[in-house]
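One structure is given here, and the rest of the page talks about it.
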Amino acid sequence: MAELHKYLLDVGTIYHNLLFSYQRSLKLHLGSRSAIYVHPTLEHLLRMEEDGGLKLADSKTFEEAVSAFGDFLAKGKIVRNCFLEKIEEDKYVFRVEGCIWSGKVHTQVNLKDVTCPYAMVAMALYKKFKGQVANERESEYFYNGTETILEPSSI
């Protein structure tokens, strides 16, 4: 069982690395125009989530949906905690604490220009429940987690 657990963690690391590499490549080759891919990606994620049965979109509010997502990740032992802090109307800080990949992935390369995969899910939920597109923000990475500002986009 320990060996299986190690392989599952390695698979998760590969997926994190793939997403970060994809985000970085888009920004490197397209510059600020890479943002045109974010919102269609989040729309597609919501459609897949509806078909996939995680039921995050079945919540009644944005806050409830993010809480359900955080509970899902915590029950799976993927993170210790995910939560929102409301800063002002429609502006939040989304925090991930104790991510099992943060110690390995966050220290491998400079991640200053990419968004945490869990924050991208929160951005999709923001769109679904707030009816507004979230501003694309890079996450701030720490040894054990991330912080990402969620607020309405000006476009």
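Numbering (the numbering used here), first residue to last: 157 to 311. C-beta atoms are modelled at their ideal positions from N, C-alpha and C, and glycine is treated no differently. Everything numeric in this text was worked out from a predicted model, so none of it was measured.
Pairwise C-alpha distance: residue j and residue i
{"i": "S188", "j": "A280", "result": "20 Å"}
{"i": "G168", "j": "V277", "result": "16 Å"}
{"i": "F285", "j": "K162", "result": "36 Å"}
{"i": "G159", "j": "E253", "result": "A small fix is needed here, since residue 159 is Glu in this sequence, not Gly. When rounded, the distance between both Cα atoms is 25 Å."}
{"i": "N291", "j": "L164", "result": "32 Å"}
{"i": "V289", "j": "T263", "result": "30 Å"}
{"i": "I256", "j": "H172", "result": "11 Å"}
{"i": "E241", "j": "V235", "result": "17 Å"}
Continuous beta strand (DSSP E) stretch holding residue i: start and end
{"i": "N237", "result": "237-244"}
Where residue i falls: helix, strand or coil (DSSP)
{"i": "T263", "result": "helix"}
{"i": "R293", "result": "coil"}
{"i": "G313", "result": "The question about residue 313 has no answer, for the chain in this structure spans 157 to 311."}
{"i": "K268", "result": "coil"}
{"i": "I305", "result": "strand"}
{"i": "K247", "result": "strand"}
Own chain partners of residue i with C-beta closer than 7 Å, once the 5 adjacent residues on each side are dropped
{"i": "S215", "result": "A221, A224"}
{"i": "E294", "result": "K268, D269, V270, T271"}
Residue-level contact to chain B via CB, residue i, 8 Å cutoff
{"i": "F218", "result": "Considering every chain present, this structure includes no chain B. It has just one protein chain."}
Among the options, the one whose alpha carbon lies nearest that of residue i
{"i": "F239", "options": "L267, E199, E303", "result": "E303"}
{"i": "K260", "options": "Y297, F218, R203, G208", "result": "Y297"}
Endpoints, alpha helix (DSSP H) assigned at residue i
{"i": "Y178", "result": "158-186"}
{"i": "T217", "result": "Segment: none, T217 is in no alpha helix (DSSP H) and carries neither H nor E."}
Neighbourhood of residue i by C-beta distance below 6 Å, restricted to the same chain and skipping five residues each side
{"i": "E307", "result": "K247, N291"}
{"i": "S309", "result": "V289, N291"}
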